[in-house]
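Undergrad:
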Amino acid sequence: MHCPFSRLASLQSNHKGTIGFWLVLCLMTLAGCQKAPETSRGLNLSDILSGQDTDGFDRAISGRDFHLPQDHAAHHTFRNEWWYLTGNVSDGGERIFGYQVTFFRTAVAPLLAENTKTNEQRSSWAVNDIWMAHAAVTDISGKVHYHTQRFSRANPGLAGAQIDPLKIWLEDWTLGSAANDFPWQLDVTTEDFELALVLNTTKSHVLQGDQGLSQKSAVPGNASYYYSYTRMATTGDLRLKGENIAVNGYSWFDREWSTSALDNNQSGWNWFSLQLDSGDDFMYYQLLDLNGDADINSQGKWIDPVGSTITIKPNNITLNVLEEWQSPDGQSYPVRWQIDYQEQNKSWIVEAVMDDQYMDLAVKYWEGAVVVFDTESRSLVGRGYLEMTRTH
């Protein structure tokens, strides 16, 4: 079923109005709908993280202590946050699949964020937060990328993130645990696919940026609080077009919250999460300026097999685009890269498993499974995920 989204999707991406108001309109217009139509315009992830009024919201100004599992729950005094899972799983043979499930929360207005802080809710039906969730599966052998979305207000119990027990949910899409610890259970059902996966972390959480403060520009507060589980053993079932497939592999979990992240002179990012066969993990986000060039605030992390980390700065790494793909709305997304990480003497070719893994939804971006080859030997050395956003 297609949703009547064309008028909302015609918003210019440089519109700096309240994203909460836009999402309220989405909720009203998309009630009961799962998919957006093929459209040429729409919001971008980078739009949500830039150019907004920050008055009344908390901001990521300085370092903080992280407390798990408490920080898995929602941080209502910040404007935006998300819980993000990607993974590569197989049937134990030649069939390999990528998947993504992300839950997004956006506060409607600072006043309501303050009400949440002081537990002064107007009613159980008050629209304090708007939630959006995305789910996708890439069938690599079938060369098909399935993707869909959901929207909901939080109240009364339609969406949220809590502990005791751990549960992040939007309607019947859930990520949670019987307690607050691992294993986690992911359950997502869509028209095209179902995911029922069990996730166990094999490494401790990683604090990204500077001890969890991930600065995105030189402006204080243009930052997020950010941690990850970079290697989660994953087992369970994928149901694809009526076929049930037992799968296993590895997943990656990102947890991030902020009020503003990108500066006005930044236009998006290229984000890599790579899980190498050596047991090492690699994360790097390349922020982009308005000309599409790399921003000096780009950074990442190298995580060794036992969980020790090294911060990656732009002068330690070189990214070169080898091949691009153009989306239906005219944006160019690199789908083949060479990454040279000098500090670890690594050089890789990173390739999308299929070019079109475009999340052509109300919020548009490229997100998909990639394979990692050693540049010199051309041997397969890992798998991962790549996310790319652009300002339209």
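Numbering (the working numbering), first residue to last: -3 to 388. Yeah, the Cβ is synthetic: ideal placement off N, Cα and C, and Gly gets one too.
For residue 219, I'd like the list of residues in its chain whose CB is within less than 7 Å of its CB, leaving aside the five on either flank, ordered along the chain.
TA: 56, 209, 210, 211, 212, 254 and 257
Undergrad: What's the gap between the Cα of residue 371 and the Cα of residue 334?
TA: 8 Å
Undergrad: Hey, would you say residue 199 sits closer than 8 Å to residue 296, going by beta carbons?
TA: The answer is no: Cβ separation not under 8 Å.
Undergrad: So residue 235 is in the beta strand (DSSP E); what residue range does that whole segment cover?
TA: 219 to 236
Undergrad: Between the C-alpha atoms of residue 240 and residue 355, what's the straight-line distance to the nearest angstrom?
TA: 24 Å
Undergrad: Can you tell which of 345, 385, 313 and 79 has the C-alpha that lies nearest to the C-alpha of residue 162?
TA: 79
Undergrad: Can you tell me whether DSSP reads residue 330 as helix, strand or coil?
TA: strand
Undergrad: Report all residues from its chain with a CB closer than 7 Å to the CB of residue 273; omit the five preceding and five following residues, and keep chain order.
TA: Short of 7 Å from the beta carbon of residue 273, and not among the five residues preceding or following it, lie these beta carbons of its own chain, in chain order: 377 and 378.
Undergrad: Straight-line CA distance for residue 267 to residue 381?
TA: 8 Å
Undergrad: Identify the continuous beta strand (DSSP E) that holds residue 350 and give its terminal residues.
TA: First-last for residue 350: undefined, no H or E at that position.
Undergrad: Shortest alpha-carbon distance to residue 90 belongs to which of 294, 284, 147 and 244?
TA: 244
Undergrad: How would you label residue 98, buried or exposed, when you count the other beta carbons within 10 angstroms and need 16 or more for buried?
TA: buried
Undergrad: Ordered along the chain, which non-local residues of its own chain (more than five positions away) have a Cβ less than 7 Å from that of residue 242?
TA: Its chain contains 87 and 233 as the residues whose beta carbon lies nearer than 7 Å to that of residue 242, once the 5 sequence neighbours on both sides are disregarded; these appear in chain order.
Undergrad: In terms of residues, what are the limits of the beta strand (DSSP E) holding residue 278?
TA: 277 to 285
Undergrad: Would you check if the distance between the CB atom of residue 157 and the CB atom of residue 68 is smaller than 8 Å?
TA: Remark: C-beta atoms of residue 157 and residue 68 approach each other more closely than 8 Å.
Undergrad: Just the Cα atoms here: how many angstroms apart are residue 75 and residue 54?
TA: 8 Å
Undergrad: For residue 282, which of 271, 311 and 96 has the nearest alpha-carbon?
TA: 311
Undergrad: Can the beta-carbon of residue 193 be found closer than 8 Å to that of residue 230?
TA: yes
Undergrad: Would you please verify whether the beta carbon of residue 218 is less than 8 Å from any beta carbon of chain D?
TA: Of the protein chains in this structure there is only one, and it is not chain D.
Undergrad: Should residue 95 and residue 132 be called a contact, given that it needs their Cβ atoms to be closer than 8 Å?
TA: yes
Undergrad: Return the chain-ordered ranges of every alpha helix (DSSP H) run that is complete within the segment 292 to 375 and spans a minimum of 4 residues.
TA: none
Undergrad: Buried or exposed, going by whether 16 or more other CB atoms sit within 10 Å of the CB of residue 307?
TA: exposed
Undergrad: Please report the distance separating the alpha-carbon of residue 351 from that of residue 336.
TA: 22 Å
Undergrad: Please report how far the alpha carbon of residue 317 lies from the alpha carbon of residue 182, in whole angstroms.
TA: 34 Å
Undergrad: Figure out for me which residue from 141, 145, 160 and 168 has the closest Cα to the Cα of residue 153.
TA: 168
Undergrad: Short of 7 Å in beta carbon distance, which residues of its chain neighbour residue 159, apart from the five on each side in sequence? Order them along the chain.
TA: Within the same chain, residue 159 has close Cβ partners 65, 66, 68, 69 and 176.
Undergrad: For residue 172, which option in 187, 195, 271 and 61 has the closest C-alpha, if you only look at C-alpha atoms?
TA: 195
Undergrad: Would residue 246 pass as a contact of residue 83 if the rule is Cβ separation under 8 Å?
TA: yes
Undergrad: With DSSP run on the structure shown, which of helix, strand or coil describes residue 31?
TA: Low local confidence applies: a pLDDT of 46 at residue 31 is under 50, so the model's placement there is unreliable, and no value is given.
Undergrad: Do you know offhand how far residue 280's Cα is from residue 263's?
TA: 17 Å
Undergrad: Could you compute how far the alpha carbon of residue 395 sits from the alpha carbon of residue 290?
TA: Absent from the structure is residue 395, since the part of the chain shown begins at -3 and ends at 388.
Undergrad: Could you tell me the alpha carbon to alpha carbon distance between residue 384 and residue 329, rounded to whole angstroms?
TA: 7 Å
Undergrad: Measure how close the beta-carbons of residue 364 and residue 349 come, nearest whole angstrom, since I'm counting them as under 8 Å.
TA: 7 Å
Undergrad: Taking only three categories from DSSP, how would you classify residue 160?
TA: Three-state result, residue 160: coil.
Undergrad: Using the rule of at least 16 other Cβ atoms within 10 Å of the residue's Cβ for burial, across every protein chain shown, is residue 58 buried or exposed?
TA: exposed
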